[in-house]
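Residue numbers (mature numbering (1 follows the signal peptide of the UniProt record, and there is no 0)): -20 to -1, 1 to 70.
Pasting the structure below:
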């Protein structure tokens, strides 16, 4: 049973890594990206990963739009209902 959980744990950790393809960078709605990050409880420094990924594609993330979305998404993440859910899930 423990052996089955290890790949699942690794997959979960890797899915939390921020990465955007050049195409995603070029078409990103930075408000929505920030909103999703906030709603998922991601660390705000994730925007730096986007800046690095997108810089390679010649795209600069709109940090203001991202931050506005992040702040709104964080409100949902920090709600009592979600706190309970996150606590139950561990």
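Beta carbons are placed, not taken as given, at the ideal position from N, Cα and C, and that holds for glycine.
Task: Between the CA atoms of residue 68 and residue 43 - distance to the nearest angstrom - done: 33 Å
- [ ] Specify the secondary structure class of residue -13 as computed by DSSP and reduced to three states.
- [x] Here residue -13 scores only 39 on pLDDT, less than 50, and its place in the model should not be relied on; the value that follows carries that caveat. In the structure shown, residue -13 sits in a helix (DSSP, three-state: H, G or I).
Task: Per-residue burial, residue 58 [other beta carbons within 10 Å of its own, 16 or more giving buried] - done: So residue 58 counts as exposed.
Open item on the list: If I follow the unbroken alpha helix (DSSP H) through residue 4, where does it start and stop?
Closed with: 2 to 7
Open item on the list: Give me, in chain order, the residues of the same chain whose beta-carbon lies closer than 8 Å to that of residue -2; leave out the 5 immediate sequence neighbours on both sides.
Closed with: 29 and 33
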